[in-house]
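Chains A and B, in that order, are what the protein sequence lines are.
full-length UniProt numbering numbers the first residue of the first sequence as 1 and each following residue consecutively.
full-length UniProt numbering numbers the first residue of the second sequence as 1 and each following residue consecutively.
Okay, so here's the structure we're looking at.
2 protein chains.
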Amino acid sequence: MADVAHRAGVSVSTVSRTLRGLSTVSDTTRARVEAAARELSFAITRSASSLVTGRTGRVAVLMPNLASWFLSSALSGMAPALREAGLDLLVYSVTDVHERADFFDRLPARRNADALLVVSFALTPAERARLDDLGMPLIFVSQHAPGRPSVYVDDEDAALRGTRHLINLGHRRIAFLQTFDETGFAWSSKNRLAGHLRALDDAGLEHDPSLVMSVPDWKGGGMATAVGRLMSLQDPPTALFAETDDFAFRLLAALRAANVPVPAQVSVMGFDDHVMAEVLGLTTLAQPAVELGRTAVRLTRSVIENSDGAQERHIVLPTELVPRGSTGPPPAAGS
Amino acid sequence: MADVAHRAGVSVSTVSRTLRGLSTVSDTTRARVEAAARELSFAITRSASSLVTGRTGRVAVLMPNLASWFLSSALSGMAPALREAGLDLLVYSVTDVHERADFFDRLPARRNADALLVVSFALTPAERARLDDLGMPLIFVSQHAPGRPSVYVDDEDAALRGTRHLINLGHRRIAFLQTFDETGFAWSSKNRLAGHLRALDDAGLEHDPSLVMSVPDWKGGGMATAVGRLMSLQDPPTALFAETDDFAFRLLAALRAANVPVPAQVSVMGFDDHVMAEVLGLTTLAQPAVELGRTAVRLTRSVIENSDGAQERHIVLPTELVPRGSTGPPPAAGS
DNA sequence: GTCTTGGCTGTCACCGATGACAGCGCTTGC
DNA sequence: GCAAGCGCTGTCATCGGTGACAGCCAAGAC
């Protein structure tokens, strides 16, 4: 910064004021400083500012992985919003137990970011407590967290509408397929199932437990097994509701492999509106992943800028049923 | 830190030494300091250390988006490798021209990270020059950059093997479909086409320009038009080589919509080995995206730790042909 | 007994910004 | 003509660590 000051013929203080956009700098000086800064490719050393201001200009994001459609979409929504606010994006992808222990032990986000966004991350009570006394703003994304601001969708309501759509098409035997819950923390899965069951109940349909299935190894051979089991039931389902689109894609592949025509024999419904859902013609419940990210940043900014970190504020974004080719009336409908 | 020093009855310097694990601290002192630090739940302020050491403990990544399969996979490879090295991950997703101008104007990565990884980002000469005088280590990922370390795959060779596979199956009329090049910087696209053409040439097949097609609006209606055009040629192709898997997925959808059986009438080959390629049974050229990320981090560490930033080192990772159901012999093959 | 050595610890300048405060030149009011 | 006010800019202490250097003390060499 001293270099810039020297080149522009002013003091470091003026350079600082100019680069921070304070109004108490004359236009001519400002122009000179900006020119000098550009010529020297000068960029603020955040460490130094942080030391004085106590703010880092960085926002940390904690997520269970980086490659899933939902998470990468959410990140895509955050990035431009953060950039616009002049905030940098620090990503902590914590996948396995070892990384997890390490993260909560070292708490690298501490004092290293102005806020921490927790995205789709099922915290144990101990972890939650640890984050709570981090003394930094916490924002929860795609999950409801009591006592902290959060942004999410109403999974239960969305699933309810999904199942209702299938019922309205004439389906009476509707299976619900979910990923095998290794962690015990698949809250959205639970909520979606609850919505599904409620829709059945609302329609006066009985709940057949054999139509709710957890599928282990669903990315491998587990899906074929599940399809075989369902299709060989005494009274097989005419519609399958998959917990996520990704799951539904494998389901479609397994059905194709088993020569089960979709939707002629069974309808398939997903959840997410993954990019590929459109390509594959999958009926699904669209979840605004990008918008969730964007909104989370808005919330974060308001928390940081007003330092009302303790304020509890919950935003629920809408989901939307997107009917496509994978759902239709059941084989014997209308007869 | 002063508090800890006071409580432990030592100087700040000793506290610093203790917490950094330097060996020149006696065991008794170390124990006292550690106890004091724990009691006060002291965490060091990285900004302050950075200011002195000049190292930030952060690595910045510049990529054109966050949601594509390739980029999110590459990130997935980087994250654990960085964490293992105790480095934080700073992500700059620069998509539109406005963000782009802003990024290269403000150069936010400068002095705020120990290295910058440029992933699949087509730089203009001016931008490249700008990064070059950033004075920080630069590592290029999924692209070759003269004068800087880089990690990438040999697109040309991979495409050559892909086309050769089709030729070996008996195909003689092979079309190559690429995304419409808005930017003029689709280097991998160019290299893949070159490999394709070389394979044709090697096999003594003539290159029919009408079989190389850029598809505008390939995510919308453009694909159907392209398929229509190809399939109504005097001598239509029996195999289609799509520049990327994502592209191939849309192509498969368009073919299905046009009732063109795959691979009975036309074979389809992709490039990437996107997760969905397996689900959809797409033959493709696997590109080790996660491994590229991991390797990039290894390279980065070596550059940072040995401060041999100027050293040029190029690593080429292997691609692999993954035959699946979308390719087979041409309709009239063997006759 | 003196000198050297090595282990351990303290002192203090410094990293690069920020912000409080002072100062400068000029206009305005009286 | 002088004081007050305003707009703009410079000076300097400061943030929380690090690292160079000096100092102290006990052990061992001569």
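Glycine included, every Cβ here is placed at the ideal spot set by N, Cα and C.
Worksheet item: Below 8 Å, can you find three or more Cβ-Cβ pairs linking the segment 293–312 of chain B to the segment 107–123 of chain B?
Response: yes
Fill in: Best match in A:E320, A:V91, A:R173 and A:R148 for proximity to A:L233 [C-alpha to C-alpha]
A:R173
Practice prompt. Give the DSSP-derived three-state secondary structure of B:A333 in the structure shown.
Written response: Confidence is the limiting factor: at B:A333 the pLDDT is only 46, short of 50, which leaves the residue's position unreliable, though a coordinate-based value still follows. Residue state, collapsed to three classes: coil.
Practice prompt. Could you list which residues in chain B have their beta carbon closer than 9 Å to that of A:E206, in chain order?
Written response: Within 9 Å Cβ-Cβ: nothing; A:E206 doesn't reach chain B, min ~33 Å.
Practice prompt. Determine which residues share a DSSP beta bridge with B:I167 and list them.
Written response: Answer is none; B:I167 lacks a bridge partner.
Practice prompt. Could I get the ranges of all uninterrupted beta strand (DSSP E) runs contained in the segment 121–176 of chain A, with 3 residues as the minimum, in chain order?
Written response: 138–141 and 150–153
Worksheet entry | N- and C-terminal bounds of the beta strand (DSSP E) containing B:A60 | R58 to M63
Practice prompt. Tell me whether the beta-carbon of B:A8 lies closer than 7 Å to the beta-carbon of B:R32.
Written response: yes
Practice prompt. Using a cut-off of 7 Å between C-beta atoms, extract the partners of A:R229 located in chain B.
Written response: Here the premise fails: no neighbours, minimum Cβ distance about 20 Å.
Worksheet item: So with Cβ pairs under 7 Å, would you call A:F121 a contact of chain B?
Response: no
Worksheet item: Where in the segment 218–253 of chain A do unbroken runs of the alpha helix (DSSP H), each at least 4 residues long, occur, reported from the N-terminal end onward?
Response: 222–231
Worksheet item: By DSSP, does B:A115 sit in helix, in strand, or in coil?
Response: strand
Discussion item. So that I know if they touch, is there some Cβ in chain A lying closer than 7 Å to that of B:L66?
Written reply: yes
Worksheet entry | Cβ separation of B:S238 and B:D272, assumed to be a contact under 8 Å, to the nearest whole Å | Rather than Ser, the amino acid found at residue 238 of chain B in this sequence is Thr. Actually they are not in contact, since the Cβ atoms of B:T238 and B:D272 sit about 23 Å apart, beyond 8 Å.
Worksheet entry | beta strand (DSSP E) segment containing B:S214, residue limits | V212 to V215
Worksheet item: Just to confirm, are B:L138 and A:L90 a CB contact at a threshold of 7 Å?
Response: no
Discussion item. Please identify, using Cβ separations under 7 Å, the residues of the segment 245–257 of chain A that lie next to chain B, in order along the chain.
Written reply: F249, R250 and A253
Discussion item. Excluding the 5 residues flanking B:R164 on each side, which residues of the same chain have their C-beta closer than 7 Å to its C-beta?
Written reply: A199
Practice prompt. With a threshold of 16 other CB atoms inside 10 Å of the CB of residue 406 of chain A, please say whether the residue is buried or exposed.
Written response: Since the first and last residues shown for chain A are 1 and 335, residue 406 of chain A lies out of range.
Worksheet entry | Minimum C-alpha distance to A:F70 - residue among A:V153, A:A126, A:M213 and A:R130 | A:V153
Worksheet entry | For B:E127 and A:P80, believed in contact at Cβ under 8 Å, the rounded distance | The pair is not a contact, with the Cβ atoms about 19 Å apart (cut-off 8 Å).
Worksheet item: What distance in whole Å lies between the Cβ atoms of B:R148 and B:E312, which are believed to be in contact at a cut-off of 8 Å?
Response: 6 Å
Worksheet item: Taking Cβ-Cβ distances below 9 Å as the criterion, which residues of the segment 90–102 of chain A are in contact with chain B?
Response: L90, V91, Y92, S93, V94, T95, D96, E99 and D102
Fill in: For A:A113 and A:F140, the rounded distance between their alpha carbons
15 Å
Fill in: Outcome for A:P263 when other beta-carbon atoms lying within 10 angstroms are tallied against a minimum of 16
buried
Discussion item. What does the Cβ neighbour count give for A:P330, buried or exposed, with the cut at 16 atoms within 10 Å?
Written reply: buried
Discussion item. Measuring straight from C-alpha to C-alpha, what distance separates A:D133 and B:E39?
Written reply: 14 Å
Fill in: Within chain B, the residues that A:R110 reaches when beta carbons sit closer than 7 Å
A43
Worksheet item: Any beta-carbon of chain A closer than 7 Å to the one on B:M223?
Response: no
Practice prompt. Give a yes or no on whether the minimum CB-CB distance between B:V279 and chain A is below 7 Å.
Written response: yes
Fill in: C-alpha gap between A:L292 and B:S210, whole angstroms
44 Å
Worksheet item: Under the three-state reduction of DSSP, which class applies to B:R55: helix, strand or coil?
Response: coil
Discussion item. Less than 7 Å between the C-beta atoms of B:L321 and B:L282, yes or no?
Written reply: no
Fill in: is_contact[B:S150, chain A] using C-beta, thresh 7 Å
no
Worksheet entry | Contacts around B:F42, its chain only, beta-carbon distance under 6 Å, and the 5 residues preceding and following it disregarded | V4
Worksheet item: Closest by CA to residue 337 of chain B, which one among B:A289, B:D102, B:L166 and B:T179?
Response: A query on residue 337 of chain B cannot be resolved here, the shown segment of chain B reaching from 1 to 335 and no further.
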